[in-house]
Each structure stands twice: as C-alpha cells, then as structure tokens.
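Presented below is the structure to which this report refers.
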Amino acid sequence: MFTLFTDRFGGVSASPYDYLNFGDHVGDNPDHVAANRSSLIARVGPTLFMNQVHGDKFHVVHSADEQIPMCDALITTIPAINLAVQVADCIPLLIHGDSVVAAVHVGRKGLVNDIAIKVLDEMKRLGGKNFQAWIGPHICGSCYEVSQGVFDEVTSKYPESRSQTTKGTHALDIARPLR
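Numbering (numbering that gives the first Met the number 0), first residue to last: 0 to 178.
Structure below.
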C-alpha cells in the first residue's frame with residue numbers, strides 16, 4: 000500500500016485556500032481545485048476524492064471513472080486506484096487488508112456512528128484480512144475543545160476519548176478509540 004500525506008504548498012489556489020487545496024466544497028475557485036487535483040493525479044495516478052459529509056456512509060469503488068456519492072469512506076479491491084481523504088482536524092484513517100484498501104474520514108460524528116467498524120466489516124466481506132491501519136495527521140486531544148453536550152455524547156460511547164485542554168476545559172481525543 001502506498002500512502003501519501005500532502006501539505007498546502009505547491010498548488011494554484013489563492014488566499015484563503017493557499018495553495019494546494021483539493022476541497023471542492025469550501026468555496027475555492029473550481030478551476031484551481033481541478034488544477035490542484037490534476038497535479039496530484041499526474042504524480043501518483045488515478046485518484047478518487049470523496050464528497051465528505053461527517054457521517055458513516057462508505058462507497059465501494061469498482062472503477063476509476065465512476066461517480067462517487069457523498070460518503071466518508073472509500074473502499075476498493077482495485078490496485079491501480081488511489082483513494083483520497085481530505086482532513087483539517089478530523090482523522091485520515093487508511094486501512095489495508097491483503098487485497099482490499101480503504102480511506103476513511105473519521106470525525107467525532109463518524110466515530111460515534113462507528114464508521115471505522117462498518118468499513119472494516121465491509122472490507123472483511125470483500126475478502127480482506129491481516130489488516131494494518133495508519134492514522135494520519137489530525138487535531139490532538141488537548142486542542143479539540145468541545146461543549147459539554149458533545150463531550151458527553153462521545154465519551155458515553157468511547158470513555159477513552161476523554162481529554163482536557165491546557166485551560167482545563169472539555170476536549171476529545173478521537174484517535175484513541177481507533178488505536
């Protein structure tokens with residue numbers, strides 16, 4: 000499995016999206032996003048992007064040219080297709096299981112709705128085994144400050160996600176339950 004994490008440098012997007020923005024949902028010029036994506040594809044090959052919605056839906060990819068529905072995870076058994084996940088604070092979770100791979104966008108809503116478990120179940124159904132996972136760059140537990148209600152919602156299901164900011168306010172470590 001080939002993994003790659005990009006930064007913001009090297010693209011054509013103007014402020015405030017400088018420079019290598021792949022997100023077509025944030026208000027950037029669509030031509031700039033297309034140019035940035037084309038630049039990546041020229042370097043790494045066919046790459047599919049999701050329209051992420053902070054949920055628990057996944058899509059199994061069967062070809063490099065199919066239309067991708069709104070979802071927060073892509074799964075495929077086709078070796079020549081790259082799967083992209085876009086994040087700022089959320090977790091990019093990359094999973095490999097022999098002949099099947101997945102790229103998963105895990106935010107607090109996806110975590111609570113078990114997106115990672117649902118993706119693993121589907122990967123097993125597709126013949127995946129001997130799983131390995133990579134958790135990419137994401138917001139840390141001491142920086143992800145949340146309201147009391149959000150804190151209670153997540154920690155009631157995943158108590159190990161409890162964290163605290165340096166100011167002593169409620170925070171979440173949403174990666175901890177994935178480990």
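Even glycine gets a Cβ: it sits at the ideal position worked out from N, Cα and C.
Buried or exposed: which applies to residue 81, given that a residue is buried once 16 or more other Cβ atoms fall within 10 Å of its Cβ? Buried, since its Cβ has 16 or more Cβ neighbours within 10 Å.
Please state whether DSSP places residue 122 in a helix, a strand or coil. helix
So, is residue 14 buried or exposed, given that buried needs 16 or more other C-beta atoms within 10 angstroms? By the 10 Å Cβ count, residue 14 comes out exposed.
Can the beta-carbon of residue 115 be found less than 8 Å from the beta-carbon of residue 92? yes
Among 35, 57, 83, 172, which residue has its Cα nearest to the Cα of residue 12? Nearest C-alpha to residue 12: 35.
Rounded to whole angstroms, what is the Cα-Cα separation between residue 6 and residue 147? Between residue 6 and residue 147, the C-alpha separation is close to 32 Å.
To the nearest angstrom, report how far apart residue 111 and residue 176 are at their CA atoms. 10 Å
Count the other CB atoms, across all protein chains shown, that sit within 10 Å of the CB of residue 20; report buried if there are 16 or more and exposed otherwise. buried
Do the CB positions of residue 57 and residue 74 come within less than 8 Å of each other? yes
Beta-ladder partner(s) of residue 72, from DSSP: Bridge partners of residue 72: 103.
From the DSSP secondary-structure annotation, give me the bridge partner or partners of residue 96. 99
Check each candidate in 164, 141, 76 and name the one with the smallest Cα separation from residue 102. 76
Using 8 Å as the threshold, is the C-beta distance between residue 113 and residue 140 below it? no
Under three-state DSSP, which class holds residue 65? coil
I need the straight-line Cα distance from residue 10 to residue 39, nearest angstrom please. 9 Å
DSSP three-state label for residue 35, please. helix
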